[in-house]
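*Asks:*
Residue numbers (the working numbering), protein chains in the order written: chain A, 427 to 775; chain B, 261 to 341.
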């Protein structure tokens, strides 16, 4: 059953977009909304200062008027403001209003390119968490070298408690099933060794929870096994996940530059290398994976919440809206609820 | 239910700890409440008792008892609608 009845009735997924959030907001956000709204199955709800947004939209020859609407939000959380203000002092800022729309069912999903922390806090406070989950996590596909592997958490939780690793594993498994079509995803815990007693105290407790979870847990894996396909879902804390992701995304560019420099004295070869890297070799495409999806979904929240990169331009905003729509259609929240319910019956994971 | 009991319920729900381990002497660190837990608890208590707790007052809370005492004093002042 799809979560929002309105969507079923008119066939359109309603995506609330924090139009004031992002390095290039509202200009690029409105432009991205126009791109996304060309499709018939989405309605974009631009949340922000209506006066400003109307002027921005007027720049475009946009004919499908019924698929973009404005929702007034008088305040904005700026990048230099404490994100916690979204809860304490600015509950009517654009990202908070958009989050409340998801909670009330006026929107099916939220997209924000503004402060990630403010968006996450809005999601926690105003959309709410699923039963058994205390903090959201970011799940991402490793693409290129490991097309059947996802990692979680990629940065939402710097400090993690053992039970969070279990919810990460559940979220990652749902992602692998829904988006990678893997029937029974293999789950592994990222650690400093394969043995059960390796790593920190939190890691060992997490291992025990995962081992007894009923998930397809294959044990610990080390950093040199991330890309070998041994696991479909790699669970780690947000600090480790975020550092690894950024390192992984940077490899392609550096490998290209290093190789081109080495072959500079052999002119035909350096051109060939550039062509190989830019056209064929997967390393330089790694960073394009998240761009293609327009950012990451916050898993564990009771609604689809997509956090786009702060530097998103119109195409990335459009991609974020599109993938938020696809997540709603794929009923990812319902799937996660079902998986979590199995664990909640025996106590909070 | 007393003010203290209500606040204990709220804090226990947000921090996912057993309410019976929260005493007036418990620090937020002892009950493993992070900064977000504390802010969520503040907001939930503000809504429950229809009061506003200024940041500068909240920053003075050293333990659960300080939090409870502050809210009790505000409620006693008849701020609850």
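Positions of the beta carbon are idealized from the N, C-alpha and C atoms, including for glycine.
Please classify residue 674 (chain A) as buried or exposed, where buried requires at least 16 other C-beta atoms within 10 Å of its C-beta.
*Replies:* So residue 674 (chain A) counts as buried.
*Asks:* Is DSSP giving residue 571 (chain A) helix, strand or coil here?
*Replies:* It is coil, neither helix nor strand.
*Asks:* Is the stretch 609 to 616 of chain A touching the stretch 732 to 742 of chain A in the sense that three or more CB pairs, one from each, lie closer than 8 Å?
*Replies:* Judged by Cβ distances under 8 Å, the stretch 732 to 742 of chain A makes no contact with the stretch 609 to 616 of chain A, as fewer than three pairs qualify.
*Asks:* Go to residue 646 (chain A), then tell me how far its beta strand (DSSP E) extends in each direction, as first and last residue.
*Replies:* Start and end: 643 to 647.
*Asks:* Would the beta-carbon of residue 541 (chain A) fall within 7 Å of that of residue 509 (chain A)?
*Replies:* Against a cut-off of 7 Å, the Cβ pair of residue 509 (chain A) and residue 541 (chain A) comes out as a contact.
*Asks:* Looking at the unbroken alpha helix (DSSP H) that takes in residue 444 (chain A), where does it start and where does it end?
*Replies:* No alpha helix (DSSP H) contains residue 444 (chain A), which is instead part of the beta strand (DSSP E) from 439 to 444.
*Asks:* Using DSSP's beta-bridge definition, name the partner residues of residue 725 (chain A).
*Replies:* Answer is A:563 and A:727, bridged to residue 725 (chain A).
*Asks:* With DSSP collapsed to three states, give me the class of residue 547 (chain A).
*Replies:* Residue 547 (chain A): helix per DSSP, three-state reduction.
*Asks:* Figure out for me which residue from A:448, A:769 and A:560 has the closest Cα to the Cα of residue 582 (chain A).
*Replies:* If we check each option's Cα against that of residue 582 (chain A), A:560 comes out closest.
*Asks:* So is residue 702 (chain A) buried or exposed if we call it buried at 16+ other beta carbons inside 10 Å?
*Replies:* Residue 702 (chain A) comes out exposed.
*Asks:* Taking Cβ-Cβ distances shorter than 8 Å, what residues in chain B pair up with residue 514 (chain A)?
*Replies:* In chain order: 299, 302, 303 and 315.
*Asks:* Using only CA atoms, which one of A:599, A:451 and A:437 lies nearest to residue 483 (chain A)?
*Replies:* Answer by Cα proximity: A:451.
*Asks:* Helix, strand or coil for residue 487 (chain A)? Go by DSSP, reduced to three states.
*Replies:* It is coil, neither helix nor strand.
*Asks:* Is residue 629 (chain A) helix, strand or coil by DSSP?
*Replies:* In this structure, residue 629 (chain A) counts as helix in the three-state DSSP scheme.
*Asks:* Count Cβ pairs between the stretch 266 to 281 of chain B and the stretch 489 to 504 of chain A that sit closer than 8 Å; are there 3 or more?
*Replies:* No, the stretch 266 to 281 of chain B is not in contact with the stretch 489 to 504 of chain A.
*Asks:* Quick one: is residue 328 (chain B) buried, meaning 16 or more other Cβ sit within 10 Å of its Cβ, or exposed?
*Replies:* Under this definition residue 328 (chain B) is a buried residue.
*Asks:* Please tell me whether residue 510 (chain A) has its Cβ less than 7 Å away from any Cβ of chain B.
*Replies:* Judged by the 7 Å Cβ criterion, residue 510 (chain A) is in contact with chain B.
*Asks:* Roughly how many whole angstroms lie between the Cα atoms of residue 555 (chain A) and residue 724 (chain A)?
*Replies:* So the two alpha carbons sit approximately 10 Å from each other.
*Asks:* How big is the Cα-Cα spacing for residue 302 (chain B) and residue 474 (chain A)?
*Replies:* Each residue's alpha carbon lies about 27 Å from the other.
*Asks:* Using the C-alpha atoms, what's the distance from residue 330 (chain B) back to residue 285 (chain B)?
*Replies:* Taking the straight line joining both Cα atoms gives about 14 Å.
*Asks:* Just the C-alpha distance for residue 571 (chain A) and residue 320 (chain B), rounded to the nearest angstrom, thanks.
*Replies:* Taking the straight line from one Cα to the other gives about 51 Å.
*Asks:* On the criterion of 16 or more Cβ atoms from any shown chain inside 10 Å, does residue 334 (chain B) qualify as buried, or is it exposed?
*Replies:* It is buried - the Cβ of residue 334 (chain B) has at least 16 other Cβ atoms within 10 Å.
*Asks:* Exposed or buried, which one is residue 273 (chain B) when buried takes at least 16 other CB atoms within 10 Å?
*Replies:* Label assigned to residue 273 (chain B): exposed.
*Asks:* Quick check: the stretch 533 to 550 of chain A against the stretch 676 to 692 of chain A, are at least 3 beta-carbon pairs closer than 8 Å?
*Replies:* The answer is no - the stretch 533 to 550 of chain A does not touch the stretch 676 to 692 of chain A, with fewer than three Cβ pairs under 8 Å.
*Asks:* How would you list, in chain order, the residues of chain B whose beta-carbon sits under 7 Å from the beta-carbon of residue 687 (chain A)?
*Replies:* By Cβ distance, chain B contributes nothing, its closest Cβ being about 45 Å from residue 687 (chain A), past 7 Å.
*Asks:* Give me the residue from A:507, A:463 and A:580 with the minimum Cα distance to residue 660 (chain A).
*Replies:* Per the Cα distances, A:580.
*Asks:* Between the C-alpha atoms of residue 543 (chain A) and residue 283 (chain B), what's the straight-line distance to the nearest angstrom?
*Replies:* Rounded to whole angstroms, residue 543 (chain A) to residue 283 (chain B) spans 31 Å at the Cα level.
*Asks:* In chain B, what lies closer than 8 Å to residue 551 (chain A) by C-beta?
*Replies:* Here the neighbours are 300 and 303.
*Asks:* Grab me the residues of residue 455 (chain A)'s own chain with a C-beta within less than 7 Å of its C-beta, minus the 5 sequence neighbours each way, in chain order.
*Replies:* So the qualifying residues of the chain are 443, 445, 448, 539 and 743.
*Asks:* In the DSSP assignment, what are the bridge partners of residue 474 (chain A)?
*Replies:* Looking at the DSSP assignment, residue 474 (chain A) forms a beta bridge with A:498.
*Asks:* What does DSSP give as the partner residue(s) for residue 660 (chain A) in the beta ladder?
*Replies:* Answer by DSSP bridge pairing, in chain order: A:577 and A:614.
*Asks:* Can you check whether the CB of residue 479 (chain A) is closer than 7 Å to the CB of residue 471 (chain A)?
*Replies:* Their beta carbons are not under 7 Å apart, which means residue 471 (chain A) does not touch residue 479 (chain A) by this criterion.
*Asks:* Apply the 10 Å Cβ neighbour rule to residue 562 (chain A) and answer buried if 16 or more other Cβ atoms are within range, or exposed otherwise.
*Replies:* Per the 10 Å Cβ criterion, buried.
*Asks:* Going along the stretch 557 to 584 of chain A in order, which residues come within less than 7 Å of chain B, judged by CB to CB distance?
*Replies:* Going along the stretch 557 to 584 of chain A in chain order, one finds 560 with a Cβ nearer than 7 Å to chain B.
*Asks:* Find out if the Cβ-Cβ distance for the pair residue 750 (chain A), residue 535 (chain A) is shorter than 7 Å.
*Replies:* Yes; because the gap between Cβ atoms is below 7 Å, this pair is in contact.
*Asks:* Following the continuous beta strand (DSSP E) through residue 538 (chain A), name the residue where it begins and the one where it ends.
*Replies:* Per DSSP, residue 538 (chain A) belongs to the beta strand (DSSP E) from 535 to 538.
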